[in-house]
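Residue numbers (the UniProt record's numbering): 1 to 1147.
Note that CB positions come from ideal geometry on N, CA and C, so glycine has one too.
Just so it is clear, the structure is predicted and the values come from calculations on it, not from any experiment.
Presented below is the structure to which this report refers.
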C-alpha cells in the first residue's frame, strides 16, 4: 500500500504557511483537544473543520498558493512541502465535502460537555476525531502503486474519517436537530463521493502547476487510462515533452537559486560533468579492440528497457522468476523514475534495480545519474566491486569520488554543499559484494537504508539506488517497503530499434552487410539481453563471410565463437612478421589459456578485477608470454599482462606509469566472460587429460607421468560452484561431448586418488593468489573435482565411482575444515544426494529466513541419516537462533527433551510425577544459573506451561514464568493459552495480560483464543480479559494478518465483528494460502456474512475475490457455469440459504 504521510495536519500547515499567527492560535486548540478536554472552549473543537473559521481559510490559501514555494525549494524541504501539500489538500477536501452534504445545519454544531469527555481517549479505545485528524493518516500518491491505488486509499481514509466525525457529532447538542433533515442511510456514501470530487478537482489543479503531481497523472493516463480529464492530460504532457526525456522532466521542476561558487562547488560541477561522458562512449566499451562492427554511442543506441516494479514485503521472493511474473510490466521507465525521484517516500527506502547478468543494470544507472539535472540532484556512482565491504556507505561514497576525480571530498562537506539538492547515490554491484564475501554482507541493504534514514534525520535528502543480480537476493536482508525494479528482456520492437541504431552507425562502412532484427531474434533469449544482443551482433558481423550462425547456438557457443574471432585477430594484428599455421595456432592457444589464467586471477582472489602487478605475477608463474617478442608499432615490447589485457579488457585507474602497477586494474567488460573462460578452461583441461590417459593407458597413478600442475594450481583456491554462471557454462560445454563423460569421471577419480600423494599441493611454485594454506588448497581442489564429476553427469555420480567410503568421509569433512564459510555454503547448496545415493549438482535455494546447518548438510552428503535427522531437528528448536554458551545449549536440550517426551494426560488434574519433577529440576537449574536460559528457551518454556500449567502446582508455574519473563525482552508476548489455563498469573504478572495482542500480526489469533477461552475463566478474571478482547476485536479492521498464524475459525470471528469488506478480503487472501484445508471448514453462511458488510464505494479487488470465491465453491462442489464474480456471488447466496447455521446477511 502507499506510504501514509508522516506529517500531522498541523505540521503540514506550518510547512506551507510558516509563521502564521492563525496556526499558532489553532495549535492551542488542537493541543487542548488531544491532551485534555478541559481547556476546550465552546465550539473550539470544530475550529478544525469550520468552513467559516480562519484556519480553513488558511487551508484554502495554502492549497492554492504553495506551488511557487515548492518550485523554489530544494533538498529535504522540497519533499516535505510536497507531502504537506497533499495532506492539507486531502483533509480540507473531506471537510468541504462534509459541509456540502450536511448543509447549513453544519454551522449550528457546537461542543458539549459530553463531547469534552469523548475528546480524551479511554484506555484501549480507538482514536477520537482530533486524533484522526492529527494522525497523518492520508496515503501519499505512490510512485509504485500509482494514482488509482492512491484514490482508493484516500477514499477508504475518508470512510474512516467520516465515522470518526459522526461519532464526534453524536455528542453535540445541535446534532439531533441537524440530522433530522438528512438521509443518514446514504450520508456516508454521499460525503465520501463529494469529498473525492473535491480531492480530485484540487489534485488536478495542483498537477497543472506542479509537474511532480502531473507525473503521476500522465503515467496513469498512459498505462491504465485512469485520467478522464483529457485537456489536463494534454497540458501536463505538453509541458513534459511527451515524457521523452528524464532530464527534461526533472529540469522542469526549477529549484532553489544556485549557491555561490567555491572550490567544493566547482568539484561537484566537475563530478556532474564527468557523469555525462557516458553518452559519448560506445554501448560496449573495450579498449584497444577495433570491432569491424561499429557500435553506436550510448546517446544514440541506449534502449530504455521494460521493467516490473514491486514493494518488498514478507511475501516477496525477488530471486524467483515466477514471483516477478505476477508483478505488472511497464514500458514507461522515464515516467516511473520521474515519479519516484519526486516521491517523498523515496527518501525513506532504497530502490533496488535487479536483473539477470547482461541485463544492462550498470549502464542504465549511469544513464540515470547523467540525466539528473544538477540544480535538483547530485548524483554519485559507487562501484561496489572496487570497494571494501567492511566500510560504511559514507566511506564508500568518499572513495568512489576519489577514484573518479583523484580528489578527496569528505561526506560531511559534500552533504553541506548539497543541502539544497537531493543526493542520488548509485551503489552498483551488490551481488559482486556478496559473491566476494559470502553472507558476511547480506545485511548491506539494511545498512544503506539506515544511512538514508540517518541523513533524513539530520536534515538531508538522499535516495540510494542499489543494483544487483537476482541470484543473490535469496541471501540478502531487505527492509520492508523497499522498492524493487526488475529489468525485463528486450521486446521485438526494442531489438528492432537497437538494430536500426547499429545499422545507422555502420551505413558508411565499406562492405557492411546490414543486420536483420529478424535474424537476431531467431536466436531467442540470446537476443533479449543487451550484452548478449551486442555480442550476437558482433558475432554475426565477424562471421558475415561464413554465413549466418546456426540458430541453435547456446550462450557457450556464442562466447566460444567470439573468443575465437578476437583471439585470431589479436594474434594476426599484433604479432610481427608472417607466422606459420602451427605457430599461429600455438599462440592462439597460449593467449586463450592466458585469458583463462586472468579470469582465475580474479576468481581465486574473490574479486571482479585484478591489478597489473598481480596479473603479471600470475601469468609469469605459468610461463605466459615468454619469447613472443610481441611489439606495438611504437616498438615497445609488451609484457604478458599487457598482451592479454589488450585483447578483452577495460582498463581503470591511472596511466601505465613506472611504479603504478599496483594501482592499475583490469576487469572483463562483463563478469560473465570471465565465468565462461574459467568453465572453458576446466572442461577443456579435463577432456585433454582424459584423452591423454586413454592414449597412455597407464594404470592408476598416471598423474606422475602427466603434468597436471597448472590444472591443480588454478583449481586449488576457490570452489567453482561459488559462481552460478561457471556452473551453467561448464554444464553446457560438457554436454557437447556426451560420449566423453565416462572417461572424464574416470579421470577425475584418478586425480582424486593422487590428490593427497603429490608433494606440491599448490600445483605450481610461486602461484599464490591467496596466502599459502595446504589444508585449504587440498580442500578446494578435491571439492572442485567432485563437483565437476557431478556436473558432467546429468544423473549424478556415485561417490564409490570416485573413491572408497572411508576416503569419501574424510574428503567431505576436509571441505568443512579448509573452505571458508561461503565455500562451504556453496558446496552444500549445489551438491546433493538423491534417493539412490548419487551425488548430484543442482542448486537448492533455501526458503527465505531458513537457517542452513552446514553440519547437517555434510551428514546428508555422507549418507549419515542419523546425524542428519538429529541435527536438523535440533536446529529447528532454536528457531533461527543459536546458543551463546554450552550451559544454555544443555538447558535447552533438557527442555526440548521434556517437551517431546513428557506423557500428556489431559483427562487428569495433575501431570504424572516424572514430568512434574522434570519441570521442578528445570526451575532449580534456572534459579541457580539464570544465564543458562536463553530467550529461545524462555519462549519454549512459556509454550509448554500454556499446555501443562493447569496440571502443575501454582508455585512451579509462577516460578518458571518468572524465570522466562526475566530472560525475555519487555515487549514479550505471552501465549494467550497461558492466561486461560493459569489465570492467577494475571495477579502475579499483570504485564502478561497487557502483552496480549502484540505483536499486531498475532493479535487476531490471540483474540480468537481469548474468545474461545472466556467460559473457562473464573468469574473474577472475565471482565479484565474481556476488556482486552474487546480492544483487539475493535481493531480487527486495522490489524495485519500473517499467513503463518491464520485459522479457518477467524472467518466466523471476522463475520461476527462485521469488519469492512476490504479487511475481509485480506483474511480470505491469507486463508487462500491453505485453500485445501481452509475452505471446507468455513460454512457458506459464514462466508456470505463475511462479505456482506461492503462499505459504500469501497474498492474491492474483484479479480482476486472472484478467484477466491471460485476456489471456495469448488471445495463445496458448487462451481457456477459462468466463472464471473456475479455468478460466484449468486451461487454463494444460494448455498448460504441452505446452510444449517445462522442465516447470513445478503451479500
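Under 8 angstroms, do residue i and residue j count as touching if we go by C-beta distance?
i           : j           : result
residue 827 : residue 752 : no
residue 97  : residue 194 : yes
residue 942 : residue 969 : no
residue 302 : residue 372 : no
residue 75  : residue 461 : yes
residue 957 : residue 996 : no
residue 609 : residue 305 : no
Whole-angstrom Cβ separation of residue i and residue j, contact assumed at under 8 angstroms?
i            : j           : result
residue 434  : residue 354 : With a Cβ gap of about 13 angstroms, residue 434 and residue 354 do not count as contacting.
residue 978  : residue 945 : 6 angstroms
residue 1013 : residue 980 : 4 angstroms
Could you check what DSSP says for residue i in three-state terms: helix, strand or coil?
i            : result
residue 607  : coil
residue 195  : helix
residue 173  : coil
residue 462  : strand
residue 428  : strand
residue 355  : strand
residue 515  : coil
residue 377  : strand
residue 582  : helix
residue 1153 : Here the chain covers residues 1 to 1147 and nothing more, so residue 1153 does not appear.
residue 282  : strand
residue 754  : helix
residue 762  : coil
residue 1072 : helix
residue 853  : coil
residue 715  : coil
residue 767  : coil
residue 912  : coil
residue 483  : strand
Which same chain residues, not among the five before or five after residue i, have their C-beta less than 8 angstroms away from its C-beta?
i            : result
residue 275  : 366, 369, 370, 379, 381
residue 495  : 517, 520, 521, 527, 528, 533
residue 670  : 357, 358, 531
residue 604  : 714, 717, 718, 769, 770
residue 887  : 929, 931, 932
residue 1018 : 983
residue 863  : 833, 837
residue 387  : 396, 399, 400, 433
Skipping 5 residues on each side, what residues in its chain have a beta carbon closer than 6 angstroms to that of residue i?
i            : result
residue 1002 : 1045
residue 457  : none
residue 1113 : 1119, 1131
residue 41   : Note that residue 41 scores a pLDDT of 32, beneath 50, so its modelled location is shaky and nothing firm can be said.
residue 562  : 535, 539
residue 938  : 964, 967, 968
residue 143  : 339, 340, 343
residue 472  : 431, 434
Please confirm if residue i has its CB atom under 8 angstroms from at least one CB of chain B.
i            : result
residue 1019 : Absent from the structure: chain B. Only one protein chain is present.
Whose C-beta lies closer than 7 angstroms to the C-beta of residue i among residues of the same chain, with five residues either side of it excluded?
i            : result
residue 349  : 449, 479, 481, 482, 483
residue 453  : 348
residue 1135 : 1084, 1116, 1118
residue 1128 : 1106, 1109, 1110, 1113, 1120
residue 94   : 158, 161, 195
Less than 7 angstroms separating the Cβ of residue i from some heavy atom of the ligand FMN?
i           : result
residue 523 : The ligand FMN is not part of this structure, which contains no ligands at all.
**Q.** Meets three-Cβ-pair contact criterion under 8 angstroms: the stretch 320-335 and the stretch 374-386
**A.** no
(Q) Measuring CB atoms only, is the stretch 672-683 touching the stretch 578-598, in the sense that at least three cross pairs come out at less than 8 angstroms? (A) yes
Q: State whether the stretch 474-489 contacts the stretch 508-516, with contact taken as three or more CB pairs (one from each stretch) at a distance under 8 angstroms.
A: no
Q | Contact the stretch 892-899 vs the stretch 916-930: 3+ CB pairs below 8 angstroms | A | yes
Q: Please confirm if the stretch 925-940 is in contact with the stretch 906-913, defined as three or more CB-CB distances below 8 angstroms between the two stretches.
A: Remark: fewer than three beta-carbon pairs, one from each stretch, lie closer than 8 angstroms, so the stretch 925-940 and the stretch 906-913 are not flagged as touching.
Q) Between the stretch 815-823 and the stretch 774-785, are three or more C-beta pairs nearer than 8 angstroms? A) yes
Q: Could you tell me whether the stretch 737-745 touches the stretch 792-801, where touching means 3 or more Cβ pairs closer than 8 angstroms?
A: yes
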